[in-house]
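Peer 1: Handing you a structure now.
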Amino acid sequence: MSSPVGVAGEAAPLAAVRGPNWDSRFTVLILFLPPALLLFTLFVVLPIGEAAWYSGFNWNGFGRPTHWIGFGNYRFVLETRAFWLALRNNALIIAVSLAIQLPLALTLALMLADRFRGAVALRMLFFMPYILAEIATGLIFSFVYDGDYGLVASIWRTFGADPPHLLASTDTAMLAVLIVIVWKYFGFHMMLFIAALQSLDKTLVEAARIDGATRTQALRHVVIPLLYPTIRLSVFFAVVGSLQLFDLVMPLTRGGPADSSNTIVSFLYNNGISRMRVGYGSAIGVILFVICVTFAFTYKRWFMRDE
Amino acid sequence: MSSAEASRAPFDPAVLFKAAFLAAVAIFVLVPLLATLLGGFKSLGELRVHPFGLPQHWEWQNYADILFSGRYWQLLRNSLIISTLTVTLTLITASMAAFTFAHIKFFGSSMLLSYLTLGLLFPAATAVLPLFIKVRDLGLLDTYFGVALPQVAFSLAMSVLLLRRFFRDIPHELLEAALVDGCSYIKFFRYVTLPLSRPILATVGTITFVNSWNAYLLPLVMLNTDALYPWPLGIMVYQGEYSSEWHLILAFITLTILPTIILFLLAQKHIVAGLTAGAVKG
């Protein structure tokens with residue numbers, strides 16, 4: 003622990019600053035802070051550092067790592083075609099979030115921000131997929147897409163066509179996963195926008211209307227600009243969420259067929275964790291870490307300076 | 049809106065479009081869920097022919113078999129133990145740390161706070177292999193704590209931020225008056241801060257609970273024994289065993305997501321507030 007000097011702001015003499023409660027403050031400091039710091043250091047910070055260290059070894063996790071191969075693991079990762087496929091899929095998820103999910107969420111928020119009968123119920127309904135476990139969601143949709151028993155197959159059959167096995171084809175597996183992603187997450191983004199709309203200064207919109215702006219004009223030039231901070235936030239969550247997507251993919255496709263629907267994390271699981279290739283898996287982890295941190299800092303710097 | 053509706057002509061195309069759009073989205077959300085619930089009441093043969101719509105024969109047996117098997121309850125029990133451990137430990141450690149950051153000025157306090165918020169920047173998956181080795185070396189592999197402790201560590205960053213913001217808004221005069229009267233910081237924390245902070249504690253507790261209840265990756269890596277599996281792992285095993293007996297799998301899914309839905313209906317205020325407000329500070 004760092005020495006807890008009682009620097010209490012003003013430049014008063016030390017004894018006066020310490021005052022009668024100095025003991026009690028000191029006790030709090032040495033009792034209240036360590037548990038959180040210890041847990042955080044042990045299970046969050048150290049493993050990241052160790053990932054960087056292990057990534058230099060060819061190691062199966064037993065005994066101590068001895069076989070140092072330098073940047074070999076990183077080279078193997080970058081030379082794997084499946085890694086670039088996974089990266090592409092993550093980019094695809096982000097693109098769909100921006101092009102489909104975000105406009106959908108915003109439109110629904112604008113419709114449901116006013117109070118009318120059923121608005122609250124609809125909000126809750128749309129938010130519900132977000133709190134369901136990703137595993138359960140994935141299983142539900144693997145039923146929906148099932149080529150023999152599923153809903154999609156049944157619709158196909160009523161038109162007399164042979165039902166497709168969407169999750170078993172490299173052409174459609176990722177598309178099917180993307181639809182589930184929109185289903186599961188649009189409600190969360192909608193709630194963000196509703197919260198923002200409700201704290202919006204309504205006099206600004208009224209002023210614009212009085213000045214002769216049509217509804218659409220007021221929306222485009224007043225409401226949407228006022229929502230920019232929330233839109234930036236929503237984009238941030240879409241990207242971060244895409245970078246950690248895993249649970250949803252496993253019950254649907256496990257990243258297959260032929261790695262066509264892997265995300266970075268499912269790629270990490272399939273190639274590093276499930277085969278206990280600690281060095282290789284750590285290298286993927288470090289790459290993911292660098293992507294996350296770089297993104298977070300650049301994004302905050304470029305787009306969220308004022309918040 | 050509702051007042052405007054009365055004065056508006058009944059055939060306003062904008063309103064019609066809005067209603068149609070909302071209905072379409074509601075169907076998109078509801079159909080998979082309802083088909084899952086009802087699918088559990090069908091026989092496999094009927095499911096193949098009529099996945100939509102109400103069952104012709106209600107097969108209560110599917111649900112009853114699961115409810116009377118020890119398996120379902122064991123999974124729920126394991127999930128409940130892990131989530132309760134995670135929530136309790138998160139609330140205790142995070143509120144103590146947040147209290148220190150909120151009320152005690154000391155050298156390096158802002159630095160330590162930024163250190164903790166580093167946890168918001170990357171997902172647990174990045175370091176899951178070293179984490180596995182750490183948990184193994186600590187002898188916690190295949191125990192509830194081996195899952196719960198890392199989950200606590202990863203939920204600390206957000207929890208401390210939310211709690212600290214709330215604690216700081218408790219009037220400072222209250223603390224000063226208490227200190228003058230000879231109350232210690234610890235007693236103030238115990239008898240003033242915590243009781244006043246029930247709403248935020250409920251919010252943080254609910255987010256942590258939902259995250260832990262739904263977690264898959266950490267238990268998957270840390271647990272080897274079926275008897276310790278929480279429900280997301282158990283349901284994947286179940287699906288593996290009954291690979292295409294979808295009527296049973298659907299009944300099982302319905303029963304396992306039921307607790308989440310009940311919790312959501314009971315605590316929706318805290319869940320929505322927590323999951324979106326937690327986001328805003330991100």
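In the order they appear, the protein sequences are chains A and B.
Everything in the first sequence is counted per the numbering used here, starting at 3 for the first residue and increasing by one.
Everything in the second sequence is counted per the numbering used here, starting at 49 for the first residue and increasing by one.
Quick reminder that beta carbons are idealized off the backbone N, C-alpha and C, glycines included.
Since the model is a prediction, treat every value here as computed from it, not as a measurement.
Kindly list, in the order they appear in chain B, the residues whose Cβ is closer than 7 Å to that of Gln-246/A.
Peer 2: As a working mapping, residue 246/A is identified with position 244 in the first sequence. Within 7 Å Cβ-Cβ: Pro-171 and Ala-173.
Peer 1: Applying a beta-carbon distance threshold of less than 8 Å, which residues of chain A neighbour Trp-108/B?
Peer 2: Along the second sequence, one-based indexing puts residue 108/B at 60. Simply none; closest approach about 20 Å.
Peer 1: Please classify Ile-310/B as buried or exposed, where buried requires at least 16 other C-beta atoms within 10 Å of its C-beta.
Peer 2: Here residue 310/B corresponds to residue number 262 of the second sequence, with the count starting at 1. So Ile-310/B counts as exposed.
Peer 1: Could you tell me the distance, in whole angstroms, from the CA atom of Thr-165/B to the CA atom of Thr-304/B?
Peer 2: If you number the second sequence from 1, residue 165/B lands on position 117. If you number the second sequence from 1, residue 304/B lands on position 256. About 33 Å.
Peer 1: I want to verify the contact list: residues of chain A whose CB lies under 8 Å from the CB of Ile-297/B, in sequence order.
Peer 2: Here residue 297/B refers to the residue found at position 249 of the second sequence. Per Cβ cutoff of 8 Å: Leu-141 and Phe-145.
Peer 1: Can you give the Cα-Cα distance for Asp-113/B and Thr-172/A, rounded to whole angstroms?
Peer 2: Locating residue 113/B in the second sequence gives position 65, counting from the first residue. Locating residue 172/A in the first sequence gives position 170, counting from the first residue. So the alpha carbons of these two residues sit roughly 37 Å apart.
Peer 1: Suppose you measure from the CA of Thr-300/A to the CA of Val-146/A; what does that come to, to the nearest Å?
Peer 2: Sequence index remark: in the first sequence, residue 300/A carries index 298 (1-based). Sequence index remark: in the first sequence, residue 146/A carries index 144 (1-based). Approximately 39 Å between the Cα atoms of the pair.
Peer 1: Using Cβ-Cβ distances below 9 Å, what residues of the segment 241-272 of chain B are close to chain A?
Peer 2: Cβ contacts with chain A: Val-258, Trp-261, Asn-262, Ala-263, Tyr-264, Leu-265, Leu-268 and Val-269.
Peer 1: Answer with yes or no whether the minimum CB distance from Tyr-56/A to chain B is below 9 Å.
Peer 2: Here residue 56/A refers to the residue found at position 54 of the first sequence. Closer than 9 Å to some Cβ of chain B, the Cβ of Tyr-56/A qualifies, so yes.
Peer 1: Tell me whether Phe-312/B sits in a helix, a strand or coil according to DSSP, three-state version.
Peer 2: Here residue 312/B corresponds to residue number 264 of the second sequence, with the count starting at 1. Helix, per DSSP.
Peer 1: May I ask you to list, following chain order, the residues of the segment 221-236 of chain B that have a beta carbon less than 7 Å from some beta carbon of chain A?
Peer 2: Against chain A - using a Cβ distance shorter than 7 Å - the residues of the segment 221-236 of chain B are Leu-227, Ser-232, Tyr-233 and Ile-234.
Peer 1: Using a Cβ-Cβ distance under 9 Å, would His-105/B count as near chain A?
Peer 2: Residue 105/B sits at position 57 when you count from the first residue of the second sequence. Not closer than 9 Å to any Cβ of chain A, the Cβ of His-105/B fails to qualify, so no.
Peer 1: Using the Cα positions of Gly-63/A and Asn-273/A, report the straight-line distance between them to the nearest angstrom.
Peer 2: The residue given as residue 63/A occupies position 61 in the first sequence. The residue given as residue 273/A occupies position 271 in the first sequence. Gly-63/A and Asn-273/A: Cα-Cα distance of roughly 14 Å.
Peer 1: Find the residues of chain A that neighbour Met-206/B, judging by a C-beta separation of less than 7 Å, and give them in chain order.
Peer 2: By one-based count along the second sequence, residue 206/B stands at place 158. None at all; the shortest Cβ gap to chain A is about 12 Å.
Peer 1: Helix, strand or coil for Phe-59/A, going by three-state DSSP, please let me know.
Peer 2: As a first step, residue 59/A must be located in the first sequence, where it is residue number 57. Strand, per DSSP.
Peer 1: Give the straight-line distance between the Cα atoms of Arg-83/A and Val-269/B, rounded to the nearest whole angstrom.
Peer 2: In the first sequence, the residue the question calls residue 83/A occupies position 81. In the second sequence, the residue the question calls residue 269/B occupies position 221. For Arg-83/A and Val-269/B, the distance between alpha carbons rounds to 25 Å.
Peer 1: According to the Cβ coordinates, are Ile-234/B and Ser-26/A closer than 9 Å?
Peer 2: Here the question's residue 234/B lines up with position 186 in the second sequence. Here the question's residue 26/A lines up with position 24 in the first sequence. In contact: Ile-234/B and Ser-26/A (Cβ atoms closer than 9 Å).
Peer 1: For chain A, is any of its Cβ atoms less than 9 Å away from the one on Gly-187/B?
Peer 2: Locating residue 187/B in the second sequence gives position 139, where the first residue counts as 1. By this cut-off, Gly-187/B is not an interface position.
Peer 1: Would you mind working out which of Phe-238/A, Gln-200/A, Phe-239/A and Arg-159/A sits nearest Leu-1/A, comparing C-alpha positions?
Peer 2: Residue 1/A lies beyond the residue range present for chain A, which begins at 3 and ends at 309; the question has no answer from this structure.
Peer 1: Would you be able to state if there are at least three C-beta pairs under 8 Å between the segment 145-159 of chain A and the segment 293-307 of chain B?
Peer 2: Taking 8 Å as the limit for Cβ pairs, the verdict is that the segment 145-159 of chain A does touch the segment 293-307 of chain B.
Peer 1: Does the beta-carbon distance from Pro-280/B to Asp-249/A come in below 9 Å?
Peer 2: For the purposes of this step, residue 280/B is taken as the residue at position 232 of the second sequence. For the purposes of this step, residue 249/A is taken as the residue at position 247 of the first sequence. Closer than 9 Å, so yes.
Peer 1: For a contact defined as C-beta to C-beta under 9 Å, what are the partners of Gly-258/A on chain B?
Peer 2: Along the first sequence, one-based indexing puts residue 258/A at 256. In chain order: nothing, as chain B lies at least about 15 Å away.
Peer 1: Quick one: what's got a C-beta closer than 6 Å to Glu-12/A's C-beta in the same chain, skipping five residues either side?
Peer 2: Taking the first residue of the first sequence as position 1, residue 12/A is located at position 10. Summary for Glu-12/A: the model assigns pLDDT 44, below 50, so the residue's position carries little reliability; its value from the coordinates is reported in the next sentence. So the list is empty, once near-sequence residues are dropped.
Peer 1: Using the C-alpha atoms, what's the distance from Leu-235/A back to Arg-238/B?
Peer 2: Sequence index remark: in the second sequence, residue 238/B carries index 190 (1-based). Sequence index remark: in the first sequence, residue 235/A carries index 233 (1-based). Each residue's Cα considered, the two are about 35 Å apart.
Peer 1: Does Trp-304/A have its Cβ less than 9 Å from a Cβ in chain B?
Peer 2: Taking the first sequence and counting its residues from 1, the one referred to as residue 304/A is at position 302. No, Trp-304/A lies away from the interface with chain B (no Cβ there is under 9 Å from its Cβ).
Peer 1: Rounded to the nearest angstrom, what separates Ala-225/B and Leu-242/B at their Cα positions?
Peer 2: By one-based count along the second sequence, residue 225/B stands at place 177. By one-based count along the second sequence, residue 242/B stands at place 194. Going from the Cα of Ala-225/B to the Cα of Leu-242/B covers about 17 Å.
Peer 1: Give, in chain order, every residue of the segment 22-34 of chain A whose Cβ lies closer than 7 Å to some Cβ of chain B.
Peer 2: Cβ contacts with chain B come from Asn-23, Ser-26, Arg-27, Thr-29, Val-30, Leu-31 and Phe-34.
Peer 1: Less than 6 Å between C-beta atoms, sequence neighbours within five positions excluded: which residues of the same chain meet that for Ile-301/B?
Peer 2: As a first step, residue 301/B is located in the second sequence; it is residue number 253 there, counting from the start. Result list for Ile-301/B: Thr-84, in chain order.
Peer 1: So, for Leu-106/A: in the same chain, excluding its five sequence neighbours on each side, which residues have a beta-carbon less than 6 Å away from its beta-carbon?
Peer 2: In the first sequence, counting from the first residue as 1, residue 106/A sits at position 104. Phe-188.
Peer 1: Relative to the C-alpha of Ala-250/B, which residue among Leu-227/B, Ala-315/B, Gly-282/B and Ala-196/B is closest?
Peer 2: For this step, residue 250/B is matched to residue 202 along the second sequence. Checked all of Leu-227/B, Ala-315/B, Gly-282/B and Ala-196/B; the closest Cα to Ala-250/B is Ala-315/B.
Peer 1: Rounded to whole angstroms, what's the CA-CA distance from Asp-116/A to Val-122/A? Just pull it up for me.
Peer 2: Within the first sequence, numbered from 1, the residue matching residue 116/A stands at position 114. Within the first sequence, numbered from 1, the residue matching residue 122/A stands at position 120. If I take the Cα positions, the gap works out to 9 Å.
Peer 1: Among the candidates Ile-286/A, Arg-303/A and Gly-152/A, whose CA atom is the shortest distance from the CA of Arg-77/A?
Peer 2: Here the question's residue 77/A lines up with position 75 in the first sequence. Of the listed residues, the one whose Cα sits closest to Arg-77/A is Ile-286/A.
Peer 1: Let me confirm a value: Pro-61/B is counted as buried when at least 16 other C-beta atoms fall within 10 Å, else exposed. Which label applies?
Peer 2: What you label residue 61/B is simply residue 13 of the second sequence in a count that begins at 1. Exposed.
Peer 1: Please compile the residues from chain A whose C-beta is within a distance smaller than 7 Å of the C-beta of Phe-65/B.
Peer 2: To locate residue 65/B, count along the second sequence from 1; it is residue 17. None at all; the shortest Cβ gap to chain A is about 10 Å.
Peer 1: Would the beta-carbon of Tyr-192/B fall within 9 Å of that of Leu-265/B?
Peer 2: Here residue 192/B corresponds to residue number 144 of the second sequence, with the count starting at 1. Here residue 265/B corresponds to residue number 217 of the second sequence, with the count starting at 1. Not closer than 9 Å, so no.
Peer 1: Give, in chain order, every residue of the segment 286-311 of chain B whose Cβ lies closer than 8 Å to some Cβ of chain A.
Peer 2: The segment 286-311 of chain B vs chain A, Cβ under 8 Å: Gln-287, Ser-292, Trp-294, Ile-297, Leu-298, Ile-301, Thr-304, Ile-305, Thr-308 and Ile-309.
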